[in-house]
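Trainee: Convert by adding 901 to the 1-based position in the sequence shown; the result is the number in this note's numbering.
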Amino acid sequence: MIDLHTHTTASDGSLPPAELVNRAASVGIRTLAVTDHDTLAGIPEAAGAARARGLAFVAGIEITAVHEHRDVHMLGYFLRSEPPGVGPFLEAARRDRARRARAMSDKLAALGAPVDIEDLIQEAEESGRAVARPTVARALVDAGHVRSMQEAFDRYLADGGSAYVARTGASPAEVVALVRAGGGICSLAHPGLLRKDHLIPGLVDAGLDAIEAFHSEHGAADRARYRRLAERNGLAISGGSDFHGEGHHRADRFGRVGLPEAHFGALRCRLERAHAAVHGETGPMEFRLPAAEAGMAPAGPAT
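Written as structure tokens, this is what we have:
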């Protein structure tokens, strides 16, 4: 099993990176990417755990771009844990996330549901985690305004909700350029949820590498649709469960939804070419992916 879309406590997942890797191994995943939101903070711990468990590993990230005031999630994959040029971008994203959380807190106070957000922002930033809407949702639960994080979203924080604040940030094409400049490849995440297929041709022109056709929220029709779109646009296909941990939506898909091995080779070749284009043919490669029978052989540290 190959899973190229997972989250840890470095962003909005419920499992620390090493625990996520151990859970992945226990459900039969042999090739894993950790793709936390707007942070690479969980990669070193996850990579070490993957080596210890004999899992092939790739450094990943889910970067939030903005198009017409709506979030567009872009998956970046790298063969190094600290790709060049990405750090300053993520620092700017971190500041914007904190601004957004404070703005939502102000709206909640005006709605009669005040929360203490500053301690949660500080805690998240000190630990390297991304501040996100779940941070505000947890504050609502802690303050007793709602019974669950789901209720927090339903009542206040969902897109267009009474306390929702739109993000500002880079365009999807700018994120593609950032990832490619760092020696990585970029995939459009869960397009079946986004429903903005008209963006794909422009992203292809910008250098998009893949579409995430396989995802826990994609049914058979979506999988077929985005496989066709990938083929039509000369793109590779990525896939993963989008696992956030127990208690999160579709948690039961972990170990069941992923990228079929038949599609992995094209993605791996693109990643190795992108890495070589930036770092040279002999550039340092922290992670190596299986060349054949993807997911069946461990990827050890580069020599």
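Glycine residues also receive a C-beta, built at the ideal position from the N, C-alpha and C atoms.
1. If the criterion is Cβ atoms closer than 8 angstroms, does the pair GLY961 and LEU980 meet it?
2. Around the C-beta of LEU1012, are 16 or more other C-beta atoms found within 10 angstroms, so that it is buried, or is it exposed?
3. Taking HIS968 and THR936 to be in contact with their CB atoms under 8 angstroms, please state how far apart those CB atoms are, rounded to whole angstroms.
4. Can you tell me the Cα-Cα spacing of GLY1211 and GLY1156, whole angstroms?
5. Determine the closest residue to ALA1111 out of ARG1096, ALA1090, HIS1099, HIS1119, with distance taken between C-alpha atoms.
6. GLU1173 and SER982 - do their beta-carbons sit closer together than 8 angstroms?
7. Please report the straight-line C-alpha distance between VAL922 and ALA951, rounded to a whole angstrom.
8. Note the first and the last residue of the continuous alpha helix (DSSP H) segment covering ARG971.
9. Could you check whether LEU1009 and ALA1059 sit closer than 8 angstroms to each other, using their CB atoms as the reference points?
10. Within the same chain, show all residues whose beta-carbon is closer than 6 angstroms to that of ALA1167, passing over the 5 residues directly before and after it, in chain order.
11. Quick check on the burial criterion: 16 or more other C-beta atoms within 10 angstroms. Buried or exposed for PRO1205?
12. For PRO865, tell me which candidate among LEU933, HIS1176, GLY1083, ALA1125 has the shortest Cα-Cα distance.
Mentor: In short, the structure shows the following:
1. The beta carbons of GLY961 and LEU980 sit no closer together than 8 angstroms.
2. With fewer than 16 Cβ atoms within 10 Å of its Cβ, LEU1012 is classed as exposed.
3. Their Cβ separation, rounded to whole angstroms, is 20 angstroms, which puts HIS968 and THR936 out of contact at 8 angstroms.
4. For the chain, the structure presents residues 902 to 1204; residue 1211 sits outside this window and is missing.
5. When each option's Cα is compared against that of ALA1111, the closest is ALA1090.
6. Between SER982 and GLU1173, the C-beta spacing is not below 8 angstroms.
7. VAL922 and ALA951 have their C-alpha atoms spaced approximately 6 angstroms apart.
8. No alpha helix (DSSP H) holds ARG971; the beta strand (DSSP E) holding it covers 971-979.
9. Note that the C-beta distance between ALA1059 and LEU1009 is not below 8 angstroms.
10. Here the set comprises ALA1137.
11. In the structure displayed, the chain extends from 902 to 1204; residue 1205 sits before or after that span and is not available.
12. Because residue 865 is not part of the residues shown, which for the chain are 902 to 1204, the question remains open.
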